[in-house]
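**Q**
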Amino acid sequence: MTPVLLDGGRLRARLVEAGPYAALDVVTVTGSTNTDLAAAAGRGAADRTVLIAEEQQAGRGRMQRQWTSPRGRGLFVSVLLRPDVPPSAVSWLPLIAGVALAETVQRTTGVRASLKWPNDLLLGGGEEWLKAAGILGEAVAGPDGLALVLGMGINVLQERDELPRGAGGLPATSLAAEGAEVDREDFAVALLTAFAEADDSWRAASGDVEGSGLLDRYRALCSTVGQEVRVELGPDEQLRGAATDIDSEGRLVVRTGSGRTTAVSAGDVVHVRRA
Numbered sequence: 003m004t005p006v007l008l009d010g011g012r013l014r015a016r017l018v019e020a021g022p023y024a025a026l027d028v029v030t031v032t033g034s035t036n037t038d039l040a041a042a043a044g045r046g047a048a049d050r051t052v053l054i055a056e057e058q059q060a061g062r063g064r065m066q067r068q069w070t071s072p073r074g075r076g077l078f079v080s081v082l083l084r085p086d087v088p089p090s091a092v093s094w095l096p097l098i099a100g101v102a103l104a105e106t107v108q109r110t111t112g113v114r115a116s117l118k119w120p121n122d123l124l125l126g127g128g129e130e131w132l133k134a135a136g137i138l139g140e141a142v143a144g145p146d147g148l149a150l151v152l153g154m155g156i157n158v159l160q161e162r163d164e165l166p167r168g169a170g171g172l173p174a175t176s177l178a179a180e181g182a183e184v185d186r187e188d189f190a191v192a193l194l195t196a197f198a199e200a201d202d203s204w205r206a207a208s209g210d211v212e213g214s215g216l217l218d219r220y221r222a223l224c225s226t227v228g229q230e231v232r233v234e235l236g237p238d239e240q241l242r243g244a245a246t247d248i249d250s251e252g253r254l255v256v257r258t259g260s261g262r263t264t265a266v267s268a269g270d271v272v273h274v275r276r277a
């Protein structure tokens, strides 16, 4: 079936003219929306500029993994952000996007959603969670100071036989494969509106995730907490233990078998079993 492509004019009417964004474009195909917006940031593009691609030919996720982006089947969106918060707080933006994404999925589709630390969207629950989306934040230095480009790649309409295997050994899924009937335009509007509202709360609190309530919202959605995990820290370095918390810096707190507690700021996490 030929996919119905997104209408940039309608999205601009809903999210720019009547919404919280400064600019929005939809392109049929590009290499990477993150790469394109990073270049736009260097040219002085405004805070909350949005780029959506129907197809990406060089989409990527965390750890430089390729993200499969078939035309008209998902939502591949990047947002340029210039928040006036302490630089140490900016690393929270991809996690905040994860909160907005998981909450939007649950509110609009009824599909159970969770977050695998730091910001992979998992659907399903029960014995097996399946990966449906990833989020990638990249800092960009330019003439107007530091900016962040935040990319989200979400599997929306793919059937199960169209889905690749997810990163970290996780099978992939999509909203449609989990039984949701989704209008991509309405979902894009709901997601970007929810993200802007969360971003507003975070900025109003000067980047304080505890004061804004976002830390508690993230903890409530994070299925990594309570799991026995293996964290790949490098080619020859692993950390194994029980994931016990997410701290105020967005780090995963892991307690090893010896009782030592380590806060991890970056790494590839594999859920082994419930702790």
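FYI, the numbering for the sequence shown is 3 to 277, going by the working numbering. By construction, the Cβ of each residue, glycine as well, lies at the ideal position given by its N, Cα and C atoms. None of the values given here were measured: they were computed from a predicted structure.
Would you call the segment 156–167 in contact with the segment 121–141, where contact means no fewer than 3 C-beta pairs closer than 8 Å?
**A** These segments touch.
**Q** Within 10 Å of its beta-carbon, does Leu97 have 16 or more other beta-carbons around it, so buried, or fewer, so exposed?
**A** Flag for Leu97 reads buried.
**Q** Are at least three pairs of beta-carbons, each pair with one atom in the segment 172–182 and one in the segment 103–117, less than 8 Å apart?
**A** Contact between the segment 172–182 and the segment 103–117 is present, because at least three Cβ pairs lie under 8 Å.
**Q** Taking the alpha-carbon of Val255 as reference, which of Gly261, Ala245 and Arg262 has the nearest alpha-carbon?
**A** When only C-alpha atoms are compared, the closest one is Ala245.
**Q** Let me know the secondary structure DSSP gives Pro173 once reduced to three states.
**A** Three-state DSSP puts Pro173 in a strand.
**Q** Answer yes or no: do Val151 and Leu39 have a C-beta to C-beta separation smaller than 9 Å?
**A** Closer than 9 Å, so yes.
**Q** Residues in its own chain within less than 6 Å of Ala91 by CB, not counting five upstream and five downstream?
**A** Hits under 6 Å: Gly209.
**Q** Report the three-state DSSP secondary structure of Val227 (helix, strand or coil).
**A** Looking at Val227 - three-state DSSP - the assignment turns out to be coil, as it is neither helix nor strand.
**Q** Quick one: Cα of Lys118 to Cα of Cys224, how far?
**A** In a straight line, the C-alpha of Lys118 is about 6 Å away from that of Cys224.
**Q** Are the beta-carbon atoms of Glu234 and Val271 separated by less than 9 Å?
**A** In this structure, Val271 lies closer than 9 Å to Glu234 by Cβ.
**Q** If I measure Cβ to Cβ from Ile54 and keep anything under 6 Å in the same chain, skipping five residues before and after, which residues do I get?
**A** Within the same chain, Ile54 has close Cβ partners Val28 and Val79.
**Q** Short check: CB of Gln58 to CB of Val31, under 9 Å?
**A** A contact, by the Cβ cut-off of 9 Å.
**Q** Could you give the DSSP three-state label for Ser267: helix, strand or coil?
**A** Here Ser267 sits in coil by DSSP.
**Q** Could you give the DSSP three-state label for Asp202: helix, strand or coil?
**A** Note: Asp202 maps to helix in three-state DSSP.
**Q** For my contact list, Arg232 and Val274 are in at a C-beta cut-off of 8 Å; report their separation, rounded to the angstrom.
**A** At roughly 6 Å, the Cβ-Cβ gap stays under 8 Å, so Arg232 and Val274 are in contact.
**Q** Shorter than 8 Å, the distance from the beta carbon of Leu217 to the closest heavy atom of the ligand MG, or not?
**A** For the ligand MG, the structure offers nothing, since it holds no ligand at all.
**Q** How many Å lie between Glu230 and Gly259 at the Cα?
**A** Their backbone Cα atoms lie some 10 Å apart in a straight line.
**Q** Please report how far the alpha carbon of Gly11 lies from the alpha carbon of Ala60, in whole angstroms.
**A** Whole-angstrom Cα-Cα distance: 25 Å.
**Q** Could you check the C-alpha separation between Gly76 and Val6 for me, to the nearest Å?
**A** So the two alpha carbons sit approximately 11 Å from each other.
**Q** Here's a check: name, in chain order, each residue in its chain whose Cβ is nearer than 7 Å to the Cβ of Leu193, leaving out the five neighbours to either side.
**A** So the qualifying residues of the chain are Ala102, Leu103 and Thr106.
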